[in-house]
Amino acid sequence: MSESSTPKSPARRSLIKGAAAVTGAMAFPYVRAADPITLRYLGTAVNQDKAIAEKFKADTGITIQYIPVTTDDVTKRAVTAPNSFDLIDTEYFSLKKILPTGNLLGIDTKRIKNADKITTLFTKGEVAGKKVGDQGTAPKKVMYVASPTSKEFSATPTQFMTLIPTVYNADTLGIRPDLIKRPIDSWKELLNPEFKGKTAILNIPSIGIMDAAMVVEASGIYKYPDKGNMTKKEIDLTIKTLIEAKKAGQFRALWKDFNESVNLMASGEVVIQSMWSPAVTAVRTKGIACTFQPLKEGYRAWAAGFGVPKTVTGKKADAVYEFINWFLDGWAGAYLNRQGYYSAVLETAKAKMEAYEWAYWMEGKAATQDIKSPNGDLLAKTGSVRDGGSYEARMGGIACWNAIMDENAYMVQKWNEFVAA
Amino acid sequence: MSAKRSGPLAWLQATPFALVFLLFLVLPLILVAAVSTWRATDYELIPAFSAQNYIDVFNGCSSTSEMCVTLKTYLSTFKFCFLVWAITLVIGFMVAYFLAFHVRSVGAQTLLFIVCTVPFWTSNVIRMISWVPLLGRNGVINQGLQGLGLIDTPIEWLLFSNFSVVLAFVHLYTMFMIVPIFNSMMRIDRALIEAARDSGASGWQTVWNVVVPLSRTGIIIGSIFVITIVMGDFVTIGVMGGQQIASVGKIIQVQTSYLQFPMAAANAVILLVITLMMIWGLTRLVDIRKEL
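Protein chains in written order, with this note's numbering: chain L, 5 to 425; chain R, -12 to 279.
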């Protein structure tokens, strides 16, 4: 398109191409593209922020075109339509479905400037030197492949990463402290008859089942060897517990959409439910008390990352690497940290954040001045402390990860039974 | 005229639309039917010819102690179908009757029609969010009733229940009843109604013996619209039922999002067959082609 409108001499073109390839392969500067390049970025709306695309465009001249779909649809497109995007931002647990198709290429860490600074949570499954829970699809299990075209995960670290992490967080229950009026410290409260008709759970089977498993364990009904990979019997037991609760009228609703969860909580229809961190923030910005409650059994963690489809080649592939490098360089990381997520390379993000912001978001200290979201909304007043405390306290408390089980098909079938019950 | 209807020119005229149908309806349906016999893993489809997907759909249905998921889901869908059909028929007929026989000017009729389309102006999520302040636990109705001292505790079944699902359906789809019935009514020769009155028929007798039979085509077409929409719906049931009420569409949607396309296709084929049978039954009642 642009080639016909701005003809260039072939000599100059190949020179630029060669230069771009050389600089791309040797060092990691931002290659200012000769032709306007647009990258189609497939992901969920979570980190597809307009400000990030604008800043990247201003820094490099490359346009980012967002394709926001649901978590499940990201996987579906990666498997069925790998030509429809240039860059994918997907959850680590989806890799079990995507990698065997061969639609993703392993990312060469030699071309990623900050690759060795990616947090140890991903590379070793450790936070501050301590191992965290690895039930489910923990990123370290699916982080590496032996060669770029490999369709199997490598158990040991290699030069090639499946995904370069973008954001991650640990989820727990959200509560309305003003309506519950007592401390909540366990997952089992979700099925406590005290809150009959006032609870909600996620209607995304692969995530909802993990929350249910946390509840089952917390209630002392059963202890799973691996919540993230249940046997058929364990699935039956978990779903049976859910069905009994549903028949007794425990749930007010199930939710699937981010806005639904915000609305259920803000309207007071629900006082305790499984929730995502930014949804809690959204309820709070309405001036309604809502706590992202740390629980003694720990958190259910999730992580997303950038993958490169095999269909992207040449200059576009260079631009994809450029975007990933830019993303890890700090500005985007700081932006996401201020929204309550965590970024992959902490030290570069720290450099782009104010000291008081870092202290509040990452160190769990009381805010020395008002904490604002990137768009300027007031999130926390001076003196308040982040739910769950510091990075180490929160991410160190991970009990399990979002997962795709071996018995996934059976689980989905049983989940439908729960919805129909 | 009638000779020309079967001539080569007529065939030629019908070709473009027939091709569109063939390409965008018949072919995809054949593919769906074909895929429904395939097998799948988490990440790939395996061509096969197996009835396993259909067997899985009805898994557990031979048990007498508890109804299987598929039957339960269809039963619940049929229930919604019947309730929504009956209510939209009564309301739709009354509105159409009012528009056709009581509103005289075309301008006023158009304006009132536009009013009827208001429910379609917003997205589903927005619509759900706007039902909550009305029907919710702390909503207008509950607070109003509590304020009047009629109830002590909020009525819970107003939202995320069968009631709210039917309410939302009726709110949305009465329009599909109104339009075809109105269309049929406008074609009724007004002299017939005068003749009925002259022969001494009461208002009710005229409606029952003259207007209803002559609006039959509209009623059947409207019924087909409403039944097919409700049978395939999963968004409204999901949103208004608090995701706690199953629907066939929802099962298919969950299966496609987990890449279980063959299972989803098998469910789709079954749903299609059942819906087609219902429509076939309805078209037995009136020869639509002749009436149009």
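Every residue, glycine too, gets a C-beta built ideally from N, C-alpha and C.
None of the values given here were measured: they were computed from a predicted structure.
Item	Value
Collapsed DSSP secondary structure at residue 256 of chain L in the structure displayed	strand
Within chain L, partners of residue 135 of chain R - CB distance below 9 Å	Going along chain L, no residue has its Cβ under 9 Å from residue 135 of chain R, so there is no contact; the nearest lies around 21 Å.
Distance between residue 266 of chain L and residue 62 of chain L (C-alpha atoms, nearest Å)	33 Å
Beta carbon of residue 294 of chain L nearer than 8 Å to that of residue 390 of chain L	no
With 16 other Cβ atoms within 10 Å as the buried cut-off, status of residue 144 of chain R	exposed
Through-space distance from residue 5 of chain R to residue -7 of chain R, alpha-carbon basis	15 Å
Interface partners of residue 95 of chain L on chain R, CB under 8 Å	None at all; the shortest Cβ gap to chain R is about 13 Å.
Contact set between the region 163 to 181 of chain L and chain R, restricted to residues whose Cβ is under 9 Å from the partner	none
Cβ neighbours of residue 377 of chain L in the same chain (closer than 8 Å, five flanking residues each side left out)	285, 289, 342, 343, 383
Same chain only: Cβ atoms within 8 Å of residue 200 of chain L, ignoring 5 sequence neighbours per side	252, 253, 254
C-beta neighbour in chain R for residue 288 of chain L, strict 8 Å	no
Below-8 Å beta-carbon distance, residue 244 of chain R vs any chain L residue	yes
Status (buried if at least 16 other CB within 10 Å, exposed otherwise) for residue 185 of chain R	exposed
Reference residue 198 of chain R; option with closest CA among R:107, R:243, R:81, R:247	R:81
Close-in-space but distant-in-sequence residues of the same chain around residue 69 of chain L (CB under 6 Å, 5 per side omitted)	42, 44
Residues near residue 135 of chain L by beta carbon distance below 7 Å, same chain, minus five either side	129
Any chain R beta carbon closer than 8 Å to residue 423 of chain L	yes
C-beta contact flag for residue 242 of chain L and residue 217 of chain L at 8 Å	yes
Neighbour flag for residue 215 of chain L against chain R, beta carbons, 8 Å	no
Cβ-based burial, residue 33 of chain L [other Cβ within 10 Å; buried from 16]	Here residue 33 of chain L scores only 48 on pLDDT, less than 50, and its place in the model should not be relied on; the value that follows carries that caveat. Exposed is the call here.
For residue 26 of chain R, the three-state DSSP class (helix, strand or coil)	strand
Where residue 425 of chain L falls: helix, strand or coil (DSSP)	coil
Sheet register partners of residue 157 of chain L (DSSP bridge)	L:149
Sub-8 Å separation of residue 167 of chain L and residue 334 of chain L beta-carbons	no
Three-way DSSP call (helix, strand, coil) for residue 280 of chain L in this model	coil
Residue range of the alpha helix (DSSP H) that includes residue 3 of chain L	The shown model of chain L, from 5 to 425, leaves out residue 3 of chain L, and the question about it has no answer.
Segment contact flag, the region 84 to 91 of chain L with the region 306 to 324 of chain L, C-beta cutoff 8 Å, min 3 pairs	yes
Secondary structure, beta strand (DSSP E): runs of 3+ residues fully inside the region 350 to 386 of chain L	382 to 384
Closer than 8 Å to chain R by CB, residue 259 of chain L	yes
Heavy atom of the ligand GDP within 7 Å of residue 170 of chain R beta-carbon	With respect to small molecules bound, the structure shown includes none, and the ligand GDP cannot be examined in it.
For residue 147 of chain R, three-class secondary structure by DSSP	coil
Residue 399 of chain L classed as buried or exposed, judged by whether at least 16 other C-beta atoms fall within 10 angstroms	buried
Sub-8 Å separation of residue 52 of chain L and residue 177 of chain L beta-carbons	no
Whole alpha helix (DSSP H) elements within the region 54 to 99 of chain R, 4-residue minimum	56 to 84
DSSP-derived helix/strand/coil call for residue 215 of chain R	helix
Nearest-angstrom Cα separation, counted from residue 303 of chain L out to residue 198 of chain L	23 Å
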